[in-house]
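Novice: Residue numbers (our numbering): 165 to 241.
1. Nearest-angstrom Cα distance between residue 200 and residue 221?
2. When DSSP labels each residue in this structure, what does residue 218 get in the three-state scheme?
3. If you draw a straight line from the alpha carbon of residue 233 to that of residue 225, how long is it in whole angstroms?
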């Protein structure tokens with residue numbers, strides 16, 4: 165005769181941890197942290213764009229200055 169299959173007990177590693185319910189204050193703090201991270205990321209992106217704009221602007225000014233210097237030196241007198 166065969167022994168009846170006994171239900172196996174789940175191992176502790178197999179049990180999913182229960183999600184702890186967050187309090188209102190914890191949810192608010194988590195939301196504020198997420199908003200702060202997004203704000204810092206956007207601020208970093210905006211600052212990088214300002215530096216790129218400044219670099220292109222200064223590069224363009226120098227190109228224009230060199231063209232004007234070339235024109236003045238090669239103008240018919």
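Backbone N, C-alpha and C fix where the C-beta goes; we use that ideal spot for every residue, glycine too.
Specialist: The answer reads as follows:
1. The residue given as residue 200 occupies position 36 in the chain shown. The residue given as residue 221 occupies position 57 in the chain shown. Approximately 31 Å between the Cα atoms of the pair.
2. As a position in the chain shown, residue 218 is number 54, starting the count at 1. Helix, per DSSP.
3. Here residue 233 corresponds to residue number 69 of the chain shown, with the count starting at 1. Here residue 225 corresponds to residue number 61 of the chain shown, with the count starting at 1. About 12 Å.
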